[in-house]
Amino acid sequence: MCIGEALDIREAGDHVQYNVNSLRGSLAGLSAEQVGKVVIAYEPVWAIGTGRVASAADAQEVCAAIRAELAQIANADVAGSVRVLYGGSANAKNVGEIVAQEDVDGALVGGASLDGEQFAQMSAIAAGGPLL
Numbered sequence: 000m001c002i003g004e005a006l007d008i009r010e011a012g013d014h015v016q017y018n019v020n021s022l023r024g025s026l027a028g029l030s031a032e033q034v035g036k037v038v039i040a041y042e043p044v045w046a047i048g049t050g051r052v053a054s055a056a057d058a059q060e061v062c063a064a065i066r067a068e069l070a071q072i073a074n075a076d077v078a079g080s081v082r083v084l085y086g087g088s089a090n091a092k093n094v095g096e097i098v099a100q101e102d103v104d105g106a107l108v109g110g111a112s113l114d115g116e117q118f119a120q121m122s123a124i125a126a127g128g129p130l131l
């Protein structure tokens, strides 16, 4: 599932609570086992296809809040095992710093995946391997 805020919500400083509320609503009624099978992508709407990207610290802030909410919704084990990705203008220049964050498990790559060379480079960076 994918959650993310519009620019006005971010600028108002309500982005963390907005995303937590979105997560809560999307997972309502699911068992802990079902929640454990979900992959969550944090993709700020204002960053989709714009070339603007959240800083690594911003991505970590929201992804950490997502993980904390997962612990409340399900339990700590589920929160630790669910894959939480960052999407939103991720590219070869920024993916390494973003996926190095404690609560970011990978990247949801959109437009950058259309360039095979860039996507291969991003994959290598995210996997911690050598650049191609």
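Position 77 (the sequence shown) corresponds to 76 in numbering that gives the first Met the number 0; numbering is contiguous.
The C-beta atom is built at its ideal place from N, Cα and C for all residues, glycine as well.
This structure is a prediction, so every number in the text was calculated from the model and none was measured.
Item checked: Spatial neighbours of residue 99 in its chain, beta-carbon cut-off 8 Å, leaving aside the 5 residues before and after -> What you label residue 99 is simply residue 100 of the sequence shown in a count that begins at 1. 55, listed in sequence order.
Note to self: Nearest by alpha-carbon distance to residue 90: which of 76, 1, 46 and 5 is it?
What the structure shows: Translated into positions along the sequence shown, residue 90 becomes position 91. Distance check between residue 90 and each of 76, 1, 46 and 5 places 46 closest, using alpha-carbon atoms only.
Check: For the 8 Å Cβ check, are there 3 or more pairs between the stretch 80-95 and the stretch 60-72?
Finding: The stretch 80-95, when compared against the stretch 60-72, does touch it at the 8 Å Cβ threshold.
Margin query: Here's the rule I'm using: 16 or more other beta-carbon atoms within 10 Å means buried, otherwise exposed. How should residue 113 be labelled?
Written below: Translated into positions along the sequence shown, residue 113 becomes position 114. With fewer than 16 neighbouring CB atoms inside 10 Å of its own CB, residue 113 falls in the exposed class.
Checklist line | First and last residue of the uninterrupted beta strand (DSSP E) at residue 106 | finding: Within the sequence shown, residue 106 is the residue found at index 107, counting from 1. Run containing residue 106: 105-107, per the beta strand (DSSP E) assignment.
Checklist line | Cα-Cα separation between residue 66 and residue 115, rounded to whole angstroms | finding: Here the question's residue 66 lines up with position 67 in the sequence shown. Here the question's residue 115 lines up with position 116 in the sequence shown. Distance between the alpha carbons of residue 66 and residue 115: 31 Å.
Notebook entry, point to check: Taking the C-alpha atoms as reference points, what is the distance between residue 49 and residue 122?
Noted result: For the purposes of this step, residue 49 is taken as the residue at position 50 of the sequence shown. For the purposes of this step, residue 122 is taken as the residue at position 123 of the sequence shown. For residue 49 and residue 122, the distance between alpha carbons rounds to 21 Å.
Check: Taking just the CA atoms, how far does residue 7 sit from residue 30?
Finding: The residue you call residue 30 lines up with position 31 of the sequence shown. The residue you call residue 7 lines up with position 8 of the sequence shown. A straight line joining the alpha-carbon of residue 30 with that of residue 7 spans about 33 Å.
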